[in-house]
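Student:
Protein chains in written order, with the numbering used here: chain A, 35 to 537; chain B, 35 to 537; chain C, 6 to 174; chain D, 6 to 174.
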């Protein structure tokens with residue numbers, strides 16, 4: 035069995051993995067850049083190694099360095115988390131060459147599933163339903179017109195190597211076909227060094243629903259039901275929930291089977307996610323497969339009680355999955371809200387900096403996967419997601435009520451966050467009714483960023499509190515000036531006790 | 035429906051109730067004594083009212099004052115939490131007279147179940163299996179000898195009005211019968227103003243297992259399975275878990291039925307707990323019924339996903355229980371550890387005072403029901419329990435591993451706590467095997483308070499850290515002396531920003 | 006004691022009427038408010054105001070006597086204008102004046118591109134600096150036609166929030 | 006710089022060898038230790054020591070230069086004895102001396118019973134004061150036969166930790 039795992043990541047996901055390591059009696063090794071010495075993932079690990087400058091290209095993404103640390107620390111295995119090297123086929127291969135277990139799929143699987151065209155081909159061959167479209171690259175303008183007309187407008191032009199919305203162009207009218215293809219190609223070339231693009235039927239206001247799958251090296255593949263991820267802003271997920279309010283038991287059974295077929299088609303070992311687009315008539319289409327742990331994996335853990343990281347580690351070590359498909363069911367309802375350090379009122383501008391106060395909600399049905407603490411300085415170099423607030427309750431209605439309660443008592447100051455924005459999502463009619471698609475945020479944006487109705491009363495409170503704080507500070511300053519002997523002033527001895535000295 | 039609830043309690047249970055109030059859209063009203071203005075339950079409530087001096091007899095226990103506040107604030111209902119007025123028949127009656135809903139049973143039920151002799155009689159009549167013994171008061175020495183001999187040694191002499199281990203005497207030999215009865219009587223008189231005592235067969239090293247029940251005013255009664263509460267120190271529970279490692283499905287079904295019978299016998303409305311003693315041969319005996327929410331209710335909520343406080347409020351408002359018996363099942367395993375401000379190494383001496391740092395564990399399967407925060411001064415007047423750490427996982431083994439992980443990252447300083455002691459319980463063989471009874475702590479006490487094996491290494495760390503801290507403080511002081519102009523010193527401006535001024 | 010307190014464009018006159026232990030009585034634009042205010046931590050105040058309980062957090066803002074106030078989920082930026090501030094403003098040392106000529110970022114980040122040089126004449130809406138933080142880039146523009154007096158940062162610099170990037174005439 | 010540091014009965018000689026930024030090198034009774042030590046909050050230090058990561062919290066103890074140190078789940082009480090302390094001790098102002106004559110409680114609480122008066126002669130093991138905290142009563146006794154010099158508290162008083170309750174000869 036694995037005895038020591040290097041976690042080639044930072045922030046909340048590194049900590050998430052460490053929790054399970056500790057529970058399994060496995061030692062954890064953290065790596066950290068110059069910007070991360072004080073990061074919680076370093077403090078919670080058993081061991082920690084410095085790996086270079088703040089820029090991830092010079093630290094978290096340097097395969098040689100990570101491998102070096104794994105050897106120096108005697109780690110048996112590497113968990114890549116999500117992002118960074120998690121879907122890097124070269125890294126997966128390199129680990130194998132070095133005799134280190136990579137907790138994730140083989141390079142073949144990563145390569146096939148990482149390229150959208152090859153993934154489409156594989157899925158069609160396996161009998162998985164994909165979005166109507168083509169699997170060939172568009173080589174020239176004539177191709178473009180012909181292919182798009184075959185598929186039928188509207189269509190999406192997509193970069194084969196793409197992701198995160200880059201290298202994508204929606205074309206609704208014939209006259210925009212050529213310009214759309216060219217734009218997608220040039221963005222793809224700039225973004226991924228590869229201008230291969232292909233055409234897919236555009237699904238109007240789709241729902242983004244994904245299935246969690248688990249495979250082991252004994253040929254077992256199971257799914258752990260769906261996650262509804264349609265609340266997105268610029269292709270960034272904001273809220274996820276399970277079960278999906280759109281789902282029926284029949285559809286769940288069929289899509290679950292399709293997800294398992296998809297994973298089996300590539301002999302998938304580990305935890306993976308099969309993403310689908312679903313339209314309002316419940317037509318579903320394979321979109322892509324993510325060959326790693328997903329940010330939103332906790333909601334699945336909440337309703338199934340399966341520790342996905344534990345399963346990842348165990349199957350990577352060659353063990354069988356602990357569960358059979360028929361053992362699994364969903365109990366209750368779980369929602370995840372991603373807390374970002376950003377200011378929704380200033381066009382979602384990122385807000386790194388010193389966290390002056392961080393107080394997380396407590397009580398029934400609350401789970402926090404986060405990494406910031408009071409007095410922590412959030413670096414400018416990495417992702418703005420600072421924590422995931424996961425609530426679980428008997429049913430969807432109570433889960434929403436619980437989320438509102440939790441957001442109400444989630445206090446973060448010093449940096450701006452989207453907590454109020456998240457609360458508005460919970461309060462919106464479309465979300466409450468469960469009738470929403472990926473168009474949700476755009477459709478509701480005015481409501482979501484509008485002022486609170488009790489603003490006026492709180493306005494007064496803000497004035498009172500500022501005044502009192504000013505009086506206190508003033509009193510402090512006054513007292514200081516009045517005192518001849520420095521060492522006797524009261525606030526100062528307090529300051530002495532509490533002062534933070536960089537050592 | 036109820037719109038506003040006064041919570042006649044403090045600390046973690048007041049907060050627990052408020053969470054559900056907020057989720058249900060019900061306003062919460064806190065009450066606070068002189069010692070509790072800064073308590074978290076005041077800060078989290080919608081409204082808060084001052085009710086008197088620190089001593090609970092002059093504040094939290096004064097019925098007139100509580101009723102006054104309920105009226106002034108317009109509360110429809112009062113939730114008593116546990117302790118204080120929660121099992122006070124007079125208070126239940128008084129609420130009804132004043133037209134306020136008491137979230138708990140009627141005075142009749144409280145009275146019958148609060149008196150151990152009348153409860154025994156009621157249970158025997160209802161067909162519930164009780165500990166062999168008598169239901170009459172022991173009036174004189176002859177009675178004592180005769181009755182004890184009837185029941186058979188060893189026996190327990192118990193005060194009818196007793197609780198918390200007071201007014202109880204174990205008698206193993208005939209020669210100790212009379213002195214035992216006399217001692218129990220005099221303690222009962224001193225403690226409860228009532229010297230009625232009775233005799234019960236003494237069950238050797240019993241398991242303390244209780245069943246959660248819920249009743250509504252429509253005649254429905256269900257049970258929500260068992261809680262194993264055998265880890266006790268001086269009749270104070272320390273660890274609780276569900277399912278009980280002792281339980282079999284058959285026994286669970288029978289005892290569940292008995293618990294429902296017990297509740298039905300008194301037309302029970304609300305949440306209650308039926309306590310049983312169980313011996314190693316799985317013989318079970320009704321012990322008593324607690325007519326209130328139990329400290330350890332969260333573990334039941336965790337494995338059933340039922341919000342017990344929500345059910346309490348709904349049935350108090352005349353609604354039916356949301357669940358049928360057949361809807362309910364236990365998923366996973368949940369353990370609660372009670373974190374006390376006490377020093378296990380100094381004979382469990384209580385440790386109130388200023389909490390300098392409080393950092394609760396996070397991540398999967400962790401629930402904290404607590405009330406302290408960094409910079410909070412725990413008052414000397416109330417219970418030493420400062421929080422409940424509840425973990426939930428797939429099975430018992432993983433729940434224990436999770437509890438150890440959670441305890442490892444639970445940081446409380448300023449006051450002493452039993453966190454390490456709790457961890458030792460998790461590490462003990464008897465607990466890990468699930469083979470433990472109420473004798474567990476006494477049996478394992480040496481192991482539980484013994485030094486850690488890594489003490490020596492940590493010893494060195496403590497020396498290093500003290501030295502560095504000393505250097506920092508020294509540097510600070512030095513810097514200050516060296517600086518002529520007070521306002522320019524670096525640590526001082528820091529002190530100014532961070533200084534706490536009592537306003 | 007009386008001061009002005011600004012939230013957004015609104016200025017309120019605030020007067021301390023009485024302060025007894027934790028009880029404070031003050032007037033805001035003539036309206037009287039009384040509250041029991043407890044200092045929980047150096048920056049968190051627990052208000053009991055008509056028996057309503059609410060926590061308010063006050064943190065220091067970008068400048069002296071600027072505060073960032075959090076009540077429930079809302080954030081307010083306030084400025085206390087006391088006698089000293091008024092005196093400073095009267096002497097032309099007010100804060101309003103400088104602000105317009107300094108281009109700065111409200112957030113910390115890294116300068117990825119400086120588009121101007123000292124002495125350049127720029128047009129309203131021209132981008133002068135691009136700052137990146139957390140994988141997102143923000144453009145900083147001039148609001149009116151301006152001349153660049155000073156460029157205070159270089160490409161690659163890490164900057165603090167509110168640090169001057171470019172000074173214009 | 007060299008000081009003595011006491012944990013329980015054990016005294017270690019600690020010498021600072023080098024300090025460069027966050028890296029510290031010191032010797033404890035001649036054994037060399039090197040660590041990267043980060044001050045996370047005023048009282049929490051993150052140690053990286055042979056690449057092992059561990060958080061250590063240091064809080065002020067009952068007296069100046071007394072500390073309460075938390076590592077993982079363990080608590081250590083330490084005392085730094087520097088040149089100044091040694092000088093004080095040499096002059097008879099040492100802390101050891103006073104302690105034996107002062108009976109105090111390690112925890113705050115409420116005095117429920119004072120069993121002695123000034124001038125009383127008490128026997129080893131006699132209870133002098135009963136203090137209640139969190140519904141539990143603790144008895145404070147004299148360890149040897151003593152004469153009561155002063156009773157510093159009254160029944161009903163709330164006391165702080167380490168506050169003198171009774172002074173004996």
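Where is the CB? At the ideal position from N, CA and C, for every residue including glycine.
Could you give the distance in angstroms between the alpha-carbon of residue 379/B and the alpha-carbon of residue 60/A?
Tutor: 30 Å
Student: Taking the alpha carbon of residue 324/B as the point to measure from, which residue in 102/B, 41/B, 217/B, 248/B has its own alpha carbon closest?
Tutor: 248/B
Student: In chain B, what lies closer than 7 Å to residue 166/D by C-beta?
Tutor: Here the neighbours are 387.
Student: Exposed or buried, residue 440/A, counting other C-beta atoms within 10 Å across all chains shown (16 or more means buried)?
Tutor: buried
Student: Taking residue 21/C as the query, report the chain B residues whose CB atoms sit under 9 Å from its CB, ordered along the chain.
Tutor: Neighbours of residue 21/C in chain B, taken as residues at a C-beta separation under 9 Å, are lacking, since the least C-beta distance is about 12 Å.
Student: Could you please tell me which residues of the segment 23 to 48 of chain D, in chain order, have their CB closer than 9 Å to any CB of chain A?
Tutor: 24, 26, 27, 29, 41, 42, 43, 44, 45, 46, 47, 48
Student: Check whether the segment 75 to 95 of chain A and the segment 46 to 53 of chain A are in contact - that is, three or more C-beta pairs closer than 8 Å.
Tutor: yes
Student: Can you have a look at residue 341/A and say buried or exposed, based on whether 16 or more other CB atoms are within 10 angstroms of its CB?
Tutor: buried
Student: DSSP three-state call for residue 168/D: helix, strand or coil?
Tutor: coil
Student: If you pair each beta-carbon of the segment 342 to 362 of chain A with each one of the segment 381 to 399 of chain A, do three or more pairs fall below 8 Å?
Tutor: no
Student: Closer than 7 Å by C-beta to residue 206/A: which residues in its own chain qualify, once you throw out the five before and the five after it? Chain order, please.
Tutor: Contacts found: 187, 188.
Student: Where does residue 393/A sit, in a helix, a strand or coil, going by DSSP?
Tutor: strand
Student: Have a look at 110/B, 65/B, 71/B, 99/B and flag the residue whose alpha-carbon is nearest the alpha-carbon of residue 39/B.
Tutor: 110/B
Student: By the three-class DSSP mapping on this structure, what secondary structure does residue 60/D have?
Tutor: strand
Student: Just reading off the beta strand (DSSP E) that residue 40/B is part of, what are its end residues?
Tutor: It spans 38 to 41 - the beta strand (DSSP E) in which residue 40/B sits, taken as one unbroken run.
Student: What is the rounded straight-line gap between the Cα of residue 167/D and the Cα of residue 486/A?
Tutor: 50 Å
Student: Taking only beta carbons into account, state which residues of the segment 160 to 194 of chain A come closer than 7 Å to chain D, listed in chain order.
Tutor: Per Cβ criterion, the list is empty.
Student: Mind listing the chain A neighbours of residue 62/C? Cutoff is C-beta to C-beta under 9 Å, in chain order.
Tutor: 390, 391, 445, 447, 499
Student: Can you list, in chain order, the stretches of the alpha helix (DSSP H) that have 4 or more residues and sit fully within the segment 129 to 154 of chain B?
Tutor: As for any alpha helix (DSSP H) of minimum length 4 sitting wholly inside the segment 129 to 154 of chain B, the runs are 141 to 148, ordered along the chain.
Student: Name the two residues that bound the continuous beta strand (DSSP E) containing residue 40/C.
Tutor: 36 to 46
Student: Would residue 127/A pass as a contact of residue 194/A if the rule is Cβ separation under 8 Å?
Tutor: Contact check for residue 127/A against residue 194/A fails: the beta carbons are separated by 8 Å or more.
Student: Hey, is residue 442/B's beta-carbon within less than 8 Å of any beta-carbon in chain A?
Tutor: So yes, residue 442/B belongs to the interface.
Student: Under 7 Å, CB to CB, which of the residues in the segment 463 to 488 of chain B have a partner in chain D?
Tutor: 486
Student: Give the residues from the segment 231 to 248 of chain A that approach chain D closer than 9 Å (Cβ to any Cβ), ordered along the chain.
Tutor: When C-beta distances to chain D are compared with 9 Å, every residue of the segment 231 to 248 of chain A stays at or above that value.
Student: Only counting runs of 3 or more residues, tell me where the beta strand (DSSP E) segments fall wholly within the segment 102 to 135 of chain D, in order along the chain.
Tutor: 107 to 109, 114 to 119
Student: Give the secondary structure of residue 163/D by DSSP, where H, G and I count as helix, E and B as strand, and everything else as coil.
Tutor: strand
Student: So, is residue 484/B buried or exposed, given that buried needs 16 or more other C-beta atoms within 10 angstroms?
Tutor: exposed
Student: Given a cut-off of 8 Å on the beta-carbon distance, is the pair residue 108/D and residue 133/D in contact?
Tutor: yes
Student: Near residue 151/B, what residues of its chain come up, given a Cβ to Cβ distance below 6 Å and the 5 sequence neighbours on each side ignored?
Tutor: The residues are 169, 194, 232.
Student: Which word fits residue 392/A, buried or exposed, when buried means at least 16 other C-beta atoms lie within 10 angstroms of its C-beta?
Tutor: buried
Student: Kindly identify the DSSP beta-bridge partner or partners of residue 25/A.
Tutor: Nothing in the structure corresponds to residue 25/A, since chain A is present only between 35 and 537.
Student: Evaluate residue 367/A with the Cβ neighbour count: other Cβ atoms within 10 Å of its Cβ, from every protein chain shown; 16 or more gives buried, anything less gives exposed.
Tutor: Buried, since its Cβ has 16 or more Cβ neighbours within 10 Å.
Student: Would you verify that the beta carbon of residue 40/A is, or is not, closer than 8 Å to some beta carbon of chain B?
Tutor: At a cut-off of 8 Å between beta-carbon atoms, residue 40/A makes no contact with chain B.
Student: Does the distance from the CB of residue 104/B to the CB of residue 413/B come in under 8 Å?
Tutor: no
Student: Using beta-carbon positions only, say whether residue 139/C and residue 416/A come within less than 8 Å of one another.
Tutor: yes
Student: Within 8 Å (strictly less), CB to CB, does residue 108/C reach chain A?
Tutor: no
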